[in-house]
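First comes the structure, then the notes that go with it.
Number of protein chains: 2
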Amino acid sequence: MKNTHQHSLDFLFHPNSIALVGITTTEPWHWTRTFLEGLIEFEFDRPFYLVNPKGGEIKGHKVHASLQDTPGTIDYVIGLINAQLASRLVEECAEKGVRAVHFCTAGFSETGEEERIKLESELVEVAHRKGIRIIGPNCMGIYCPQSHLSFSPAFPKESGPVGVISQSGGNSIYLVRQAALRGVLFSKVISYGNACDINENDLLEYLANDADTKIIALYIEGIKDGNRFRRALEEAAKKKTVIMLKGGITEGGARAVAGHTAALAGSRATWDALCKQLGIISVGSLEEMIDVLVTLLFLPLPRGRNAVLFGAGGGASVLIADEFENRGLRVPPLPPEIVAQIREFTPVAGNILRNPVDYSQAAMNPEAVGRTLNIVSRWEGTDFLVTFVRPGQFPASQISEIQVNFLMSRFSMKQGHFPKPVAMVLEPSILPQEAEAILAAIRGCISSGLPVYYSFAAAANAINLVLNHTERQSKRVLGEDSGSCS
Amino acid sequence: MKNTHQHSLDFLFHPNSIALVGITTTEPWHWTRTFLEGLIEFEFDRPFYLVNPKGGEIKGHKVHASLQDTPGTIDYVIGLINAQLASRLVEECAEKGVRAVHFCTAGFSETGEEERIKLESELVEVAHRKGIRIIGPNCMGIYCPQSHLSFSPAFPKESGPVGVISQSGGNSIYLVRQAALRGVLFSKVISYGNACDINENDLLEYLANDADTKIIALYIEGIKDGNRFRRALEEAAKKKTVIMLKGGITEGGARAVAGHTAALAGSRATWDALCKQLGIISVGSLEEMIDVLVTLLFLPLPRGRNAVLFGAGGGASVLIADEFENRGLRVPPLPPEIVAQIREFTPVAGNILRNPVDYSQAAMNPEAVGRTLNIVSRWEGTDFLVTFVRPGQFPASQISEIQVNFLMSRFSMKQGHFPKPVAMVLEPSILPQEAEAILAAIRGCISSGLPVYYSFAAAANAINLVLNHTERQSKRVLGEDSGSCS
Chain W
1 MKNTHQHSLD
11 FLFHPNSIAL
21 VGITTTEPWH
31 WTRTFLEGLI
41 EFEFDRPFYL
51 VNPKGGEIKG
61 HKVHASLQDT
71 PGTIDYVIGL
81 INAQLASRLV
91 EECAEKGVRA
101 VHFCTAGFSE
111 TGEEERIKLE
121 SELVEVAHRK
131 GIRIIGPNCM
141 GIYCPQSHLS
151 FSPAFPKESG
161 PVGVISQSGG
171 NSIYLVRQAA
181 LRGVLFSKVI
191 SYGNACDINE
201 NDLLEYLAND
211 ADTKIIALYI
221 EGIKDGNRFR
231 RALEEAAKKK
241 TVIMLKGGIT
251 EGGARAVAGH
261 TAALAGSRAT
271 WDALCKQLGI
281 ISVGSLEEMI
291 DVLVTLLFLP
301 LPRGRNAVLF
311 GAGGGASVLI
321 ADEFENRGLR
331 VPPLPPEIVA
341 QIREFTPVAG
351 NILRNPVDYS
361 QAAMNPEAVG
371 RTLNIVSRWE
381 GTDFLVTFVR
391 PGQFPASQIS
401 EIQVNFLMSR
411 FSMKQGHFPK
421 PVAMVLEPSI
431 LPQEAEAILA
441 AIRGCISSGL
451 PVYYSFAAAA
461 NAINLVLNHT
471 ERQSKRVLGE
481 DSGSCS
Chain G
487 MKNTHQHSLD
497 FLFHPNSIAL
507 VGITTTEPWH
517 WTRTFLEGLI
527 EFEFDRPFYL
537 VNPKGGEIKG
547 HKVHASLQDT
557 PGTIDYVIGL
567 INAQLASRLV
577 EECAEKGVRA
587 VHFCTAGFSE
597 TGEEERIKLE
607 SELVEVAHRK
617 GIRIIGPNCM
627 GIYCPQSHLS
637 FSPAFPKESG
647 PVGVISQSGG
657 NSIYLVRQAA
667 LRGVLFSKVI
677 SYGNACDINE
687 NDLLEYLAND
697 ADTKIIALYI
707 EGIKDGNRFR
717 RALEEAAKKK
727 TVIMLKGGIT
737 EGGARAVAGH
747 TAALAGSRAT
757 WDALCKQLGI
767 ISVGSLEEMI
777 DVLVTLLFLP
787 LPRGRNAVLF
797 GAGGGASVLI
807 ADEFENRGLR
817 VPPLPPEIVA
827 QIREFTPVAG
837 NILRNPVDYS
847 QAAMNPEAVG
857 RTLNIVSRWE
867 GTDFLVTFVR
877 PGQFPASQIS
887 EIQVNFLMSR
897 FSMKQGHFPK
907 PVAMVLEPSI
917 LPQEAEAILA
927 AIRGCISSGL
937 PVYYSFAAAA
947 NAINLVLNHT
957 ERQSKRVLGE
967 DSGSCS
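Chains as they are written, first to last, in the numbering used here: chain W, 1 to 486; chain G, 487 to 972.
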């Protein structure tokens, strides 16, 4: 039935006019207001209308009593009404010439209740009969910065290369907000919920062929057509880098999936095997997904697994080396001739010149830092550099201005300044008095083109995942792995 | 040689007078200032003296030209001088009647350089000859809030039940600061560095018999006397709960250990086996150590592994259920009669009453939240409750006042209010404009006696580690595991 709609979904991302139907007129913090805030904040430059039988005005925008009362044509509707009213809204939409409705509304099949499952079936039936496409229900819809469309006012306004398909609205918001803090930008993000009409396969096929999307990140809970999904993944992975987080891989998680989006879950083993076979990066959490995105976008591909780690703190050096080697990366010892070069301008006490290079005392000398990084990056044994700062280990009562300046001076070196790729571990602080200085340092790193990780483990894990993926891909190209690809 | 000192180390923690020898007179942000800031901030109420040949004054405190110039007796010295001057300082200390010297100074055996290794041997020789105990060198020394002694002004002033033995200074600072934000307080923390005299065994034996210490957390890089360490661990584990993080478990990490504290490392397998056998909780990172401390201190021991998870967000519910079940905890389905009870006052749309309980819509109603938690906590299938809030998934441009009030109202329920233990996952924000509100919410939870975790994975992991430990311990008591205990 779905396959009768073979046309591109392009129109979903570039509506000429929008109506928000069912926005609350009385509660400023109500969830339905988010969509209006998104349109205002993103300066949506085509007509949009608010609809609520109560009428009135919100933030200077007239509220129309019904969809029919709105002037002009509308091609995209965001439905914020009760589930019981959904089918009727679709009928009204048909009269108004609407092409697609995104139902944010919950209370359909995800409840597991029979009458609610029936409500969803009815909705699909009406929509198909009227030729209207549905996104959702029970989801946040579309974020497309290029067309000034956003379901959160907090998202970045600039476009980027990452396309996201997320069954969950909350997870898509979390992903975009947290990834944006690390410099990741998005082409199109779709939170698609119950997928009663437009589903993960439609969206995957679309993004695989979308010129603005270079990387596809998937949060999938369940799928309805396994064979088509497999084909769509395989095609997408040939054209783009694909990262997948499968939710519901345990019994408890699968039950939550059944509750949430009314789709079937698979086992961990099934999904991991599928990802490996199709050349997809499989991740276990949203945090890991963001770390992988940051690595793909900001770390020029290292030619191998040998890291030189550089930072301050003997104990921190031990722990970061363990984290890296535990995850299949290597922290090779610096040869004596390299140590001798650094020792020429680096005091003995408090600076341990092995690998990691523990520059505890000399760290406050930006010139020495630069010279040392230059020397280790030119060593043939180095494939990439990782610098690390853990403000939480400083004994001062709070991060001082001097320390922040030091952070900034150290990391103002742009990606490409050294002949090897550079990554940065900078642990954030949850203390308000420190958060600002550290966030500024993080932003400085990002604008210098550096991947920033929040912990030793996160950096090691993401770099390893990306290296694993590229190693598999090059074997695939060389044909060594072709058997498992068919 | 060490064993000639059989007396208690109690005097180290309660010095009657202190001299800081080698504190900088010119650079306010220099690391040597930290110790003075600690004494001032902690209102050290016995005499303390500053010593630097340059003389002068720091923050109203006279700087004496030498140790001999200080009036009165001194029983504890913090050495901040160059490594080359260390032995001479010990000679001077002997004349002054000093009982112990903590050398913060680096530049000894940890450099791996022959002449520096010799400097350390000479230091030990002089100290033993003069009957003076040495802490370090290359470490931060002692934090003991009870006696107003702290190597950081940022540490909590209140005492608590956790004793820490950490080879690394930076790791001890990190541990105390980050754990304190979660409500963990300390009896005594010792950063002991190169352990040229007082070592991990002395300290472990001391804390095992210290009435103020209920839990011992160890960060160990290498040990010099394996048999004694094993015996000390075994004895300590019989009296206290012991948690160990072993640094240097990989080749790269072990090389960093060799650089840092000149001690030998062991393999991961060796350490894990030892911990299991001795009834010690083994952790892989400082973050994990803090999570375990929080669990031991704030989560009344659950009688089993069945969790009811309660929060907002369908996607978040799926991910937290996966994290819990992936780590051997169980998220059992709620039976229909429990669901029916909750459904009486909980709207269908946007609230999924399974387990996790996804209270996306009803979450803003504190009364409904309380009633639901009460119902699920009284269900016989529940061993403990976990509530979760992930502010990063909120679409608003920043966490609003209403949202914060909601957080606070939801979590003002004290530990013990329900018949089952309650844990809380509250993800912090690194955004300055959000950090304050969330930190206040975290502090509210702590003052209500709740364990707070920063992520789904962290909560699941720590609760599982503690349950594993208590299960092993009860088998041990029952004699089922006695064979491996001998």
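By construction, the Cβ of each residue, glycine as well, lies at the ideal position given by its N, Cα and C atoms.
W/C144 by DSSP, collapsed to three states: which one?
What you label residue 144 of chain W is simply residue 144 of the first sequence in a count that begins at 1. In the structure shown, W/C144 sits in a strand (DSSP, three-state: E or B).
Could you tell me which chain G residues have their CB closer than 7 Å to the CB of W/R390, listed as they occur along the chain?
Here residue 390 of chain W refers to the residue found at position 390 when the first sequence is read from its first residue. The contacting residues are Y660.
Buried/exposed call for G/E513, threshold 16 Cβ in 10 Å:
Position 27 of the second sequence, counting from 1, holds the residue named residue 513 of chain G. Classification for G/E513: exposed.
Would you mind sorting G/K732 into buried or exposed? The rule is 16 or more other CB atoms within 10 Å of its CB.
Within the second sequence, numbered from 1, the residue matching residue 732 of chain G stands at position 246. Looking at its Cβ environment, which holds 16 or more other Cβ atoms inside 10 Å, G/K732 is buried.
What's the call for G/A718, buried or exposed, on a 16-neighbour Cβ count within 10 Å?
Residue numbering aside, residue 718 of chain G sits at position 232 when the second sequence is read from its first letter. G/A718 is buried by the Cβ-count criterion.
Inter-residue Cα distance where the pair is G/I526 and G/K545:
Looking up residue 526 of chain G in the second sequence gives position 40. Looking up residue 545 of chain G in the second sequence gives position 59. About 10 Å.
For a minimum of 3 consecutive residues, which ranges assigned as the beta strand (DSSP E) are wholly contained in the segment 78-103 of chain W?
100-103
Partners in chain G for W/N171, counting only beta-carbon separations shorter than 8 Å:
Here residue 171 of chain W corresponds to residue number 171 of the first sequence, with the count starting at 1. Those are G799, G801, A802, L805, Q879, listed as they occur along chain G.
With distances taken between CB atoms, is the gap from G/A681 to G/A722 smaller than 8 Å?
Along the second sequence, one-based indexing puts residue 681 of chain G at 195. Along the second sequence, one-based indexing puts residue 722 of chain G at 236. Not closer than 8 Å, so no.
Report the three-state DSSP secondary structure of W/V294 (helix, strand or coil).
Counting from one through the first sequence, the residue named residue 294 of chain W turns up at place 294. Helix at W/V294.
Three-state secondary structure (DSSP) of G/F672:
Position 186 of the second sequence, counting from 1, holds the residue named residue 672 of chain G. Note: G/F672 maps to strand in three-state DSSP.
Under three-state DSSP, which class holds G/R816?
Here residue 816 of chain G refers to the residue found at position 330 when the second sequence is read from its first residue. G/R816: strand per DSSP, three-state reduction.
Can you tell me which of the three DSSP states G/F874 falls into?
Within the second sequence, numbered from 1, the residue matching residue 874 of chain G stands at position 388. Three-state DSSP puts G/F874 in a strand.
Residues of chain W with CB under 9 Å from G/S633, in chain order?
In the second sequence, the residue the question calls residue 633 of chain G occupies position 147. Under the 9 Å cutoff, chain W gives no residues; its nearest Cβ is about 18 Å from G/S633.
Using 8 Å as the limit for Cβ to Cβ distance, is G/C971 near chain W?
Residue mapping note: residue 971 of chain G aligns to position 485 of the second sequence, counting from 1. Here G/C971 scores only 35 on pLDDT, less than 50, and its place in the model should not be relied on; the value that follows carries that caveat. Cβ-Cβ to chain W under 8 Å: no for G/C971.
Alpha carbons only, please: which of G/Y845, G/E529, G/D688, G/P822 is nearest the one belonging to G/K710?
As a first step, residue 710 of chain G must be located in the second sequence, where it is residue number 224. Among G/Y845, G/E529, G/D688, G/P822, the Cα nearest to that of G/K710 belongs to G/D688.
So, for G/E809: in the same chain, excluding its five sequence neighbours on each side, which residues have a beta-carbon less than 6 Å away from its beta-carbon?
For the purposes of this step, residue 809 of chain G is taken as the residue at position 323 of the second sequence. Only F942, A943, A946 meet the Cβ criterion.
C-beta atoms of G/F528 and G/S645 nearer than 8 Å:
Counted from its first residue, the second sequence places residue 528 of chain G at position 42. Counted from its first residue, the second sequence places residue 645 of chain G at position 159. No, Cβ-Cβ distance for G/F528 and G/S645 is not below 8 Å.
In chain order, what residues of the same chain have a beta carbon less than 8 Å from the beta carbon of G/A580, not counting five sequence neighbours either side?
Sequence index remark: in the second sequence, residue 580 of chain G carries index 94 (1-based). Here the set comprises K616, G617, I618.
Counting pairs of Cβ atoms below 8 Å between the segment 338-348 of chain W and the segment 292-303 of chain W, do you hit three or more?
no
How long is the line joining the alpha carbons of W/R476 and W/S267, rounded to whole angstroms?
What you label residue 476 of chain W is simply residue 476 of the first sequence in a count that begins at 1. What you label residue 267 of chain W is simply residue 267 of the first sequence in a count that begins at 1. For W/R476 and W/S267, the distance between alpha carbons rounds to 25 Å.
Relative to the C-alpha of W/P161, which residue among W/Y174, W/A100, W/K240, W/H148 is closest?
Residue 161 of chain W sits at position 161 when you count from the first residue of the first sequence. Ranking W/Y174, W/A100, W/K240, W/H148 by Cα distance to W/P161 puts W/K240 first.
Check the Cβ-Cβ distances between G/E611 and every residue of chain W, and say whether any is below 8 Å.
For the purposes of this step, residue 611 of chain G is taken as the residue at position 125 of the second sequence. Closer than 8 Å: no.
Give a yes or no on whether the minimum CB-CB distance between W/L431 and chain G is below 8 Å.
Translated into positions along the first sequence, residue 431 of chain W becomes position 431. For W/L431, the answer is yes, since a Cβ of chain G falls inside 8 Å of its Cβ.
Just how far apart, CA to CA, sit G/Q842 and G/C590?
For the purposes of this step, residue 842 of chain G is taken as residue 356 along the second sequence, with counting starting at 1. For the purposes of this step, residue 590 of chain G is taken as residue 104 along the second sequence, with counting starting at 1. Checking the sequence shown, residue 842 of chain G turns out to be Pro, not Gln. Rounded to whole angstroms, G/P842 to G/C590 spans 50 Å at the Cα level.
Determine the contact status of W/I74 and W/Y49, defining contact as a CB-CB distance below 8 Å.
Taking the first sequence and counting its residues from 1, one reaches residue 74 of chain W at position 74. Taking the first sequence and counting its residues from 1, one reaches residue 49 of chain W at position 49. Yes, the Cβ-Cβ distance between W/I74 and W/Y49 is below 8 Å.
Let me check one thing: in DSSP terms, what residues is W/R133 bridge-paired to?
Counting from 1 along the first sequence, the entry for residue 133 of chain W is found at position 133. In the DSSP output, where bridge partners are listed per residue, W/R133 has W/A100.
Does the segment 845-858 of chain G touch the segment 764-773 of chain G, meaning 3 or more C-beta pairs lie closer than 8 Å?
no
G/H547 (DSSP reduced to helix, strand or coil)
Position 61 of the second sequence, counting from 1, holds the residue named residue 547 of chain G. Looking at G/H547 - three-state DSSP - the assignment turns out to be strand.
Closest by CA to W/A273, which one among W/R330, W/R230, W/R33, W/L439?
Stepping through the first sequence from its first residue, residue 273 of chain W is reached at position 273. Per the Cα distances, W/R230.
Give the C-beta separation of G/Q653 and G/Y678 to the nearest angstrom, bearing in mind that I take them to be a contact with Cβ-Cβ under 8 Å.
Your numbering for residue 653 of chain G matches position 167 in the second sequence. Your numbering for residue 678 of chain G matches position 192 in the second sequence. Right, their Cβ atoms sit about 6 Å apart.
Do W/V126 and W/S87 come within 8 Å of each other at the CB atom, strictly closer than that value?
Indexing the first sequence from 1 puts residue 87 of chain W at position 87. Indexing the first sequence from 1 puts residue 126 of chain W at position 126. It is a contact, given that the beta carbons lie within the stated cut-off.
By the criterion of Cβ-Cβ separation under 8 Å, what are the contact partners of G/Y705 in chain W?
The count along the second sequence starts at 1 and reaches residue 705 of chain G at position 219. Simply G315.
So that I know if they touch, is there some Cβ in chain G lying closer than 8 Å to that of W/L89?
As a working note, residue 89 of chain W is residue 89 in the first sequence. Not closer than 8 Å to any Cβ of chain G, the Cβ of W/L89 fails to qualify, so no.
Quick check on the DSSP output: the beta strand (DSSP E) that includes W/S166 runs from which residue to which?
The residue given as residue 166 of chain W occupies position 166 in the first sequence. That run of the beta strand (DSSP E) goes 159-166.
In or out: G/T756 buried (at least 16 other Cβ within 10 Å) or exposed?
Translated into positions along the second sequence, residue 756 of chain G becomes position 270. It counts as exposed.
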